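Worksheet: one structure, shown below.
Residue numbers (our numbering): 15 to 398.
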């Protein structure tokens, strides 16, 4: 329909990888779960999947550079429990793991078993801006609709402390929504010019002033808000720390609720939350992969990833124009202007910019991890 400035980066996203149409049409819902129809063109091919247990890949002898592929089989253990896979790693049952439990990361780094890798993503909290919340809890709706309250919540957090004492993976406290590492048209960090929340340790006096301006002096009369997160030790620890900070710094009470991942996703999509944990990893290296998710929808079920139901016509206009703009400096400025609006309205509270911590045995060689989070095994081998 129109030229896209980030087209080449977009083509590297797995959604655009080629598949065999005739194989997909044999079973449009489950072609990917059968090795006979899951035909791909990478160094490894699909062998089997046991949901929530194990994924098995085997070498693809038809790969154009198959002679250089050393591994015959890759078995991937599938579990949401970081403690479980760390225990398996320590027992020698796993050769490498990603995202070990935060409390174990410092020792793993000290022992030089793990390393911190760049990861283009932002960990944040999303605020429910939907009118439907008014029917469920009018007091919470009224509070969260006030921009002073949303900014007070953002400034009431010591993100440096959250990173150093809770996340513990050498993350960077987030001063904006688009993370560091995302490039502009000149190859510079897009985030370098957008320091909206630049006090990493928070600004509690300003936060209290904003709460007073919103009608809640020292937190008085502020409704109890529920912070929801998916059932994971890392997210639980973060939520507990945030709860304590908002109580200490703002004088407000927050209740915590957790759900299993699938249930949590449904709750967030359907607006069954007040404030919820969220995170976004880049699909491609361009600010648009973060910014276009906050455009408004045109009715029920068409809000995409905009779980806040953030609705700002000026933001929508800037994103729509930036998507088709071929003047690169002009396009970059449009995206900066859009993030200006997002950080002024704050339907999201950025917490930190992600890193990726990977632990591996010293005999595991030449595994690559991209800043987009993809693992590459085409040159990997096990040193005997």
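Beta carbons: idealized from backbone N, C-alpha and C, even for Gly.
For clarity, every value in this text was computed on a predicted model and none was experimentally measured.
For the pair residue 61 and residue 104, the Cα-to-Cα distance works out to about 27 Å. Here residue 47 has 63 as same chain residues with Cβ atoms under 7 Å from its own Cβ, once five neighbours each way along the sequence are excluded. Here residue 271 is not near residue 224, since their CB atoms are 9 Å or more apart. Secondary structure of residue 291 (DSSP, three-state): strand.
Restricting attention to 18, 87, 163, 67, the CA atom closest to the CA of residue 394 is found in 87. Taken in chain order, the complete alpha helix (DSSP H) segments of 4 or more residues contained in the stretch 71 to 117 are 96 to 104. For residue 203, the pairing in a beta bridge is given by DSSP as 197.
The criterion of a C-beta distance shorter than 9 Å is not satisfied by residue 231 and residue 157. With a 10 Å radius around the Cβ and a threshold of 16 neighbouring Cβ atoms, residue 339 comes out buried. Beta-bridge analysis with DSSP links residue 382 to 390. In chain order, 37, 38, 51, 52 place their CB closer than 7 Å to the CB of residue 45, counting only its own chain and leaving out the 5 sequence neighbours on each side. Under the three-state reduction of DSSP output, residue 373 falls in the strand class. In the three-state scheme derived from DSSP, where H, G and I count as helix and E and B as strand, residue 248 is classed as helix. Residue environment analysis places residue 92 among the exposed positions, since fewer than 16 neighbouring C-beta atoms fall within 10 angstroms of its C-beta. By the Cβ neighbour-count rule, residue 215 is exposed, with fewer than 16 other Cβ atoms within 10 Å of its own.
Annotated as distal: residue 234 and residue 169, with beta-carbon spacing of 9 Å or more.
Rounded to whole angstroms, the separation of the alpha carbons of residue 331 and residue 349 is 11 Å. Within the same chain, Cβ atoms closer than 7 Å to the Cβ of residue 373 are found at 103, 110, 111, 114, 122, 127, 128, the five residues on either side in sequence being excluded. Residue 210 sits in coil when the DSSP states are folded into three classes, being neither helix nor strand.
By the neighbour-count criterion, in which a residue is buried when 16 or more other Cβ atoms sit within 10 angstroms of its Cβ, residue 329 is buried.
Residue pairing by DSSP places residue 269 opposite 240 in a beta bridge. Of all alpha-carbon atoms in 382, 385, 375, 383, the one lying nearest the alpha-carbon of residue 396 is that of 375.
Excluding five sequence positions before and after residue 146, the CB atoms of its chain that fall closer than 8 Å to its own CB belong to 285, given in chain order. Here residue 275 is exposed: its Cβ has fewer than 16 other Cβ atoms, across all protein chains shown, within 10 Å. Per DSSP, residue 281 lies in no beta strand (DSSP E); the unbroken alpha helix (DSSP H) holding it starts and ends at 275 to 284.
In the DSSP secondary-structure assignment, residue 367 is bridged to 136, 186. Put simply, of 72, 75, 94, 55 the residue whose alpha carbon is nearest the alpha carbon of residue 66 is 94.
At a Cβ-Cβ threshold of 9 Å, residue 20 and residue 298 count as neighbours.
Three or more beta-carbon pairs separated by less than 8 Å are not found between the stretch 200 to 207 and the stretch 250 to 259, which leaves the two stretches without contact. By a beta-carbon distance limit of 8 Å, residue 23 contacts residue 300. Their separation comes to about 6 Å.
Between residue 138 and residue 365 a beta carbon distance of about 6 Å is seen, short of the 8 Å cut, so the two are scored as contacting.
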